[in-house]
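Residue numbers (the numbering used here): 185 to 523. All C-beta atoms in this analysis are idealised placements derived from N, C-alpha and C, irrespective of residue type, glycine included. Model, not experiment: these values are computed from the prediction. Following: one structure in structure tokens, then a few remarks.
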Amino acid sequence: MRQKSAYGPHTKNHNAMVSYDEILTEAGFSQAAIREVREGKLHYGGSLDAASDTELSVKLAFRVDAKLENVKELFLRFPKKKEFDDTVEELGMIAADGGDGSLDDFAGIKLDKNAITLDKLYQNAAPGSDLNLSKDEIDKFKKLGKKASHEDIEKCLRQILLDRFHAYKKDGLSGIKPYARSKKEFSSGNELKYQIEVGPILKKHSPIFHKYAMEYPNNKPDGAEESFFWVNSIIDEKPTIALVHRLGMPQDGGWVYLERHFYISRSHNCLQGIGAALPVDDGAVVFYATRTSTDQVSGFGGAAKRTIGNRIMGGRMAANFERARQVVVTAKELDMLKL
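Structure (structure tokens):
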């Protein structure tokens, strides 16, 4: 498997996409692991150096036997997460036309699984509860009253999600409202920013995209693309809603990308994955590293919790990405993406 040239004719070397061998070596993958990737195997590379005591992390590398352009389109335009992640109940695009979106984009969000429990959670929402809500969002649910219907709760949640989408699209990380806690508020915006700051590879090899990821929506690079969608996953038998932002840009024959869960309704605080797809003659080699913030692994025994959590999450993500590779292959075979 031969690596295509990473340097275009007009590229300055300090901004060029290097070979996947170099990227994976810098990310801590062994030569044996890189050889496995070269041979077509998916390799789970363990965890990253933790950015905080609430973090779980995973790094993966694998080959996809499909054209880079179509892998990109699957990532940005056709989120098939439901097909390879069995926790996903439903998902939907937000503002697919690139506009401001509307409540109609969230019509598919239902809290039907464990509905009675979920209704009580939202009716009794308070700082430090099982829900991630800001102080003013908690007040909105309180105003509904204890006898609020299931439909009223879903309607209120959809409006909150639309408002959070608008705030993030306008102001980026600084527009994310902090979660109310029993003591100190938790800022997902600050957490996501710090996650990017502590990762050296993106800043070194793609400083333009690094700056864009930090300062979104400002300083948009030429060729950058983005998409938004919501995901309803069943975690601990409860519907858990995430607002997801995907963005990426071409770089010297390759593709650098980011997936950011800038709001998660419960269980986790936020999630951010950064990666690169590097072209080879028979497809692309993908490197992906993700950091997830959750209060469940902090406090007493946190180190042991993170070790166990990283292992569990790593195994789950490796299995999901293995199935995702099959989704791409199936799409290729059915000519769904004109591969």
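In the DSSP assignment, find the alpha helix (DSSP H) that holds residue 349 and state where it starts and stops.
-> Bounds of the alpha helix (DSSP H) holding residue 349 are 334–355.
Separation of residue 338 from residue 329, as counted between CA atoms = Each residue's alpha carbon lies about 14 Å from the other.
Just the Cα atoms here: how many angstroms apart are residue 368 and residue 463?
-> 45 Å
Quick one, are the C-beta atoms of residue 474 and residue 248 less than 9 Å apart?
-> no
Spatial neighbours of residue 279 within its chain, please: CB distance less than 7 Å, with the 5 preceding and 5 following residues excluded, ordered by chain position.
-> 285, 289 and 412
Residue 372 and residue 363 look like a contact to me (Cβ under 8 Å); what is the Cβ gap, rounded to whole Å?
-> 7 Å
If we call anything under 9 Å between Cβ atoms a contact, is residue 423 one with residue 297?
-> A distance below 9 Å separates the beta carbons of residue 423 and residue 297.
State the DSSP-derived secondary structure class of residue 425, mapped to helix, strand or coil.
-> strand
Per-residue burial, residue 436 [other beta carbons within 10 Å of its own, 16 or more giving buried] = buried
Which residue's Cα is closest to the Cα of residue 256: 356, 312, 224 and 407?
-> Of the listed residues, the one whose Cα sits closest to residue 256 is 407.
Look at the alpha carbon of residue 417 and the alpha carbon of residue 402, and state the distance between them as a whole number of angstroms.
-> 31 Å
Pull up the distance between the alpha-carbon of residue 306 and that of residue 443, whole angstroms please.
-> 28 Å
In this structure, does DSSP put residue 259 in helix, strand or coil?
-> Of the three classes helix, strand and coil, the one that applies to residue 259 here is helix, per DSSP.
Just tell me which of 419, 385, 455 and 394 has its CA closest to the CA of residue 274.
-> Answer by Cα proximity: 419.
Ignoring anything shorter than 3 residues or poking outside the segment 405–475, list the beta strand (DSSP E) runs there in chain order.
-> 409–419, 422–435, 438–448 and 454–464
Starting from residue 219, follow the alpha helix (DSSP H) in both directions and report where the run begins and ends.
-> 215–222
Test item: CB-CB of residue 348 and residue 447 under 9 Å | By the CB criterion at 9 Å, residue 348 and residue 447 fall inside the cutoff.
Which value, in whole angstroms, describes the spacing of the CA atoms of residue 409 and residue 331?
-> For residue 409 and residue 331, the distance between alpha carbons rounds to 44 Å.
Beta-carbon proximity list for residue 277, same chain, < 6 Å, skipping 5 on both sides = In the same chain as residue 277, and ignoring 5 residues on each side of it, the C-beta atoms closer than 6 Å to its own belong to 413, in chain order.
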